[in-house]
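Student: Below you'll find the structure I mean.
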Amino acid sequence: MFGSLVYCLSVTLLFVSLWLTECHGQVLSPDEAVLISAAKNHKWDEMIAHAKKGVNVDVEQKVIPGSDKSYFISPLKLAINEADAKVVEELINAGVENKVNQRIKSGDKGTKEELIKEEGAKWLNRKEDFPISDAVFRGDEDIFKILVKHGADVNAHNIHGKSALHKAAEKGRVVAVKALIDLGAELEEKDKDGFTPLELAENKLKVTEGAKNDLAKVVAVGKIKVTEEEKKAYQEFVDVMRMIVDLLGNAIKDKKSRKQAADAARTYTHSNTPRTKGLRDLPI
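Just so you know, the sequence shown maps onto residues -25 to -1, 1 to 259 in mature numbering (1 follows the signal peptide of the UniProt record, and there is no 0).
This is the structure:
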């Protein structure tokens, strides 16, 4: 009997250990489990309803349970990639409101406005998981605006030194590149490998054009067959990368032109400001 008890305890401990691992060390409450399940099944109204009841929305689960290589999903990550911008904003509002209410109950003396700003920035700018970077593949301009409005740093970078603009430029996401430029993303910041977003885009364009040309040569000698759709897809990606290179290049030129104009205006104003006579300069 004692042996059976030890076995049961061992199995229980193993189960709890795996459960913690699957949730980034978080033990999900029944309500949190229901909320993340609603998000996974695109039941956005149900997800928001639970969030507004005070259920913690900052929870995560592995996509592939038990896998060491699986990445984590969260209600916010799922909403950013698959829901309307309105749902994303409602979820952020509810999540921040919950955190702020907890702090107020625990005696935090900050104003509610200050706490909302602080909690939004804290949630949306964690090093290991940037929502603004998650938004790159969706490329929804409204979602980028909502994230920045609620405290997301448009220039936040991951452990590799890459910002959302680095990611968008390298992955060929035109809408995301344009949205990030419009929101004031740093154009010439280098990642840990020393590349700016423009350089990453130029490198990807060069590689893609080279692959396209090599493919054409192989097809010409009849070694492989390529469908018209595949040829079109290659050409479309080349066109996309050219567009991104142009967008970034023009944005950098515009920024430099504005700086030069501002510097010239300051110099002109300073050199043409009349010297005001002091009392000692006045004739007696």
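Heads up, the beta-carbon is just placed ideally off N, CA and C, and yes, glycines get one too.
Pick out whichever of Ile107, Leu66 and Lys37 has its Cα sitting closest to the Cα of Ala24.
Tutor: If we check each option's Cα against that of Ala24, Leu66 comes out closest.
Student: Within the same chain, show all residues whose beta-carbon is closer than 6 Å to that of Arg113, passing over the 5 residues directly before and after it, in chain order.
Tutor: Contacts found: Asn56.
Student: Please classify Asp221 as buried or exposed, where buried requires at least 16 other C-beta atoms within 10 Å of its C-beta.
Tutor: Asp221 is exposed by the Cβ-count criterion.
Student: What's the gap between the Cα of Thr202 and the Cα of Ala208?
Tutor: Taking the straight line from one Cα to the other gives about 10 Å.
Student: My assumption, with CB atoms under 8 Å, is that Leu162 sits in contact with Ala226. Please give the rounded CB distance.
Tutor: That pair is a contact at about 6 Å.
Student: State yes or no: is the C-beta of Lys179 within less than 8 Å of the C-beta of Glu145?
Tutor: A contact, by the Cβ cut-off of 8 Å.
Student: So is Ala54 buried or exposed if we call it buried at 16+ other beta carbons inside 10 Å?
Tutor: The residue is buried, with at least 16 neighbouring Cβ atoms inside 10 Å.
Student: Let me confirm a value: Val182 is counted as buried when at least 16 other C-beta atoms fall within 10 Å, else exposed. Which label applies?
Tutor: Exposed, because fewer than 16 other Cβ atoms sit within 10 Å of the Cβ of Val182.
Student: With 8 Å as the threshold, decide whether the Cβ of Gln235 is near any Cβ in chain C.
Tutor: In the displayed structure, chain C is absent; only one protein chain is listed.
Student: Would you decide whether Thr171 is buried or exposed? Buried here means 16 or more other CB atoms lie within 10 Å of its CB.
Tutor: Counting Cβ neighbours within 10 Å, Thr171 comes out buried, since at least 16 surround it.
Student: Since Ile118 contacts Ala60 with CB under 8 Å, what's their CB separation in whole angstroms?
Tutor: Ile118 to Ala60, Cβ: 5 Å. Contact.
Student: Between the Cα of Leu3 and the Cα atoms of Ala14, Lys28 and Val34, which residue gives the shortest distance?
Tutor: The shortest Cα separation from Leu3 among Ala14, Lys28 and Val34 belongs to Val34.
Student: I'd like the list of long-range same chain contacts for Lys87, defined as Cβ closer than 8 Å, with 5 residues on each side in sequence excluded.
Tutor: Here the set comprises Val75 and Ile79.
Student: In chain order, what residues of the same chain have a beta carbon less than 6 Å from the beta carbon of Ser49, not counting five sequence neighbours either side?
Tutor: The answer, listed in chain order, is Glu35.
Student: Would you mind working out which of Ile11, Val38, Gly126 and Ser138 sits nearest Asn68, comparing C-alpha positions?
Tutor: For Asn68, the nearest C-alpha among the options comes from Gly126.
Student: Between which residues of its own chain and Trp19 is the CB-CB distance below 6 Å, once the five residues before and five after are set aside?
Tutor: Ala58 and Val62, listed in sequence order.
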